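The structure appears right after this line, and notes come after that.
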Amino acid sequence: MPDISTKPYLLRAIYEWCTDSGYTPYLAVKVDATTTVPMEYVKKGEIILNISYGATSGLKMDNDAITFRARFNGVSRELYIPVHNVLAIYANENGQGMAFDVTTTAADLPPPAPESSGSSAPGPGLAAVPGKTASEVSHVPDDNDEPPKKGGMQLYPGSPYGDRVLNAS
């Protein structure tokens with residue numbers, strides 16, 4: 074008998090704990106060809122979603138996938154997230170939750186580029202470019218001059234989840 078994954082059960086348990094405690098459950102998802110999410114909100118192959126009762130409609134958390142409807146910029150969208158693509162589920166207010174490893178399978182990788190046979194022309198290459206000195210570099214203002222907002226996942230500096238939390242409502 075094959076082993077049944079504990080991941081969907083843990084996802085449902087953390088979701089239920091969040092809602093019972095009055096917290097807002099957030100889902101961090103690795104986006105690939107098997108997910109159906111609004112691609113305009115995907116950053117670096119990931120998306121963070123508010124999956125609270127008020128932000129979703131018809132939320133269904135099965136052993137294989139999480140499905141629901143949510144509004145993005147006023148447009149209702151159907152979302153499909155395979156359980157194996159869930160990176161984390163956590164309470165927005167205090168960051169408590171659970172993170173998971175997402176393994177990359179061969180199906181997730183792009184197909185290899187076909188080898189050219191008989192082409193003698195060299196392909197594109199890399200070349201060294203001289204750098205600028207410190208006096209030549211102009212200061213580029215940071216677009217994020219605001220202090221961090223309260224709540225959200227408690228993260229270490231350089232965390233991949235950063236400020237990409239998206240409220241789907």
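Anchor point for the sequence shown: position 138 equals 211 in my numbering, and the numbering is continuous, going up by one each time. We treat Cβ as the ideally placed atom computed from N, Cα and C, and that holds for glycine. Treat the numbers as computed from the prediction; the structure is a model and nothing was measured.
For the options LEU122, GLY127, VAL148, the alpha carbon positioned closest to that of VAL159 is the one of LEU122.
Judged by DSSP in its simplified three-state form, GLU113 adopts helix. The three-state reading of DSSP puts ILE162 in strand, counting E and B together.
DSSP lists ARG144 as the bridge partner or partners of SER149.
Taking each of TYR126, GLY127, VAL104, HIS157 in turn and checking the Cα distance to LYS117, the smallest one comes out for VAL104. Listed as beta-bridge partners of LEU100 by DSSP are LEU122, ILE162.
The DSSP-derived three-state label of ILE154 is strand. Taking every protein chain shown into account, the CB of TYR82 has fewer than 16 other CB atoms within 10 angstroms, so this residue is exposed.
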